[in-house]
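**Student:** Numbering (my numbering), first residue to last: 1 to 147.
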Amino acid sequence: MKSHFPAAQLFLRLALGISFVLPVLDRVGLLGLPGSPNVSWGNWQNFVAYTNTLLPFLDSSMASIMGAIASIAELLFGLLLIIGYKTRLAAFGSFLLTLAFALCMMIFTGYRQPFSYSVYTASAASLLLSAVPFYKWSIDQKLETKS
Numbered sequence: 001m002k003s004h005f006p007a008a009q010l011f012l013r014l015a016l017g018i019s020f021v022l023p024v025l026d027r028v029g030l031l032g033l034p035g036s037p038n039v040s041w042g043n044w045q046n047f048v049a050y051t052n053t054l055l056p057f058l059d060s061s062m063a064s065i066m067g068a069i070a071s072i073a074e075l076l077f078g079l080l081l082i083i084g085y086k087t088r089l090a091a092f093g094s095f096l097l098t099l100a101f102a103l104c105m106m107i108f109t110g111y112r113q114p115f116s117y118s119v120y121t122a123s124a125a126s127l128l129l130s131a132v133p134f135y136k137w138s139i140d141q142k143l144e145t146k147s
């Protein structure tokens, strides 16, 4: 039995990575204006308002800072997962980030929200990816074979 599951880990890396990058592009308006098809926020202000919903104990300026931190982490984790560099670390970081996001959603918007948007699924998938022993078709693999 194969222990590396090369196609599955590649698909999981790409699915998670793209799922982190696209919302960041949406938040900064690169996917279209607010109200456009397939656009959730369309600008930073709409995203900060949503962030403030998940972190209602923060004022707007702190929600903006937390939103920026989360967006930078999502962009970084997403790109690292796509290219397969520091994959284990990026996957574990994305697990922690999505778990925190899911818990905030559950506490402040209701128990169904993180399930409806598959946030727990993404969190569990990230944790599983962090446990994969070998990342075929990745920069990690290229660096490991050179050692």
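Note that beta-carbon positions come from the ideal geometry of N, C-alpha and C, so glycine has one too. All figures in this text were calculated on a predicted structure; none of them were measured in a lab.
#1: Who are the near neighbours of Leu99 in its chain, counting only those whose CB is closer than 6 Å to its CB and skipping five residues on each side?
#2: If contact is defined by three or more beta carbon pairs under 8 Å, each pair taking one atom from either stretch, is the stretch 16 to 27 in contact with the stretch 72 to 79?
#3: Where Leu89 and Ser130 are concerned, what is the direct C-alpha to C-alpha distance, given to the nearest angstrom?
#4: Under a three-way DSSP split, which group does Ser94 fall into?
#5: Contact check, Gly42 vs Gly35 under 8 Å by CB: the rounded distance?
**Tutor:** Per the coordinate set shown:
#1: Contacts found: Ser123.
#2: Contact between the stretch 72 to 79 and the stretch 16 to 27 is established, with three or more Cβ pairs separated by less than 8 Å.
#3: Rounded to whole angstroms, the gap between the alpha carbons of Leu89 and Ser130 is 7 Å.
#4: Helix, per DSSP.
#5: Yes, they are in contact, since the Cβ atoms of Gly42 and Gly35 sit about 7 Å apart, within 8 Å.
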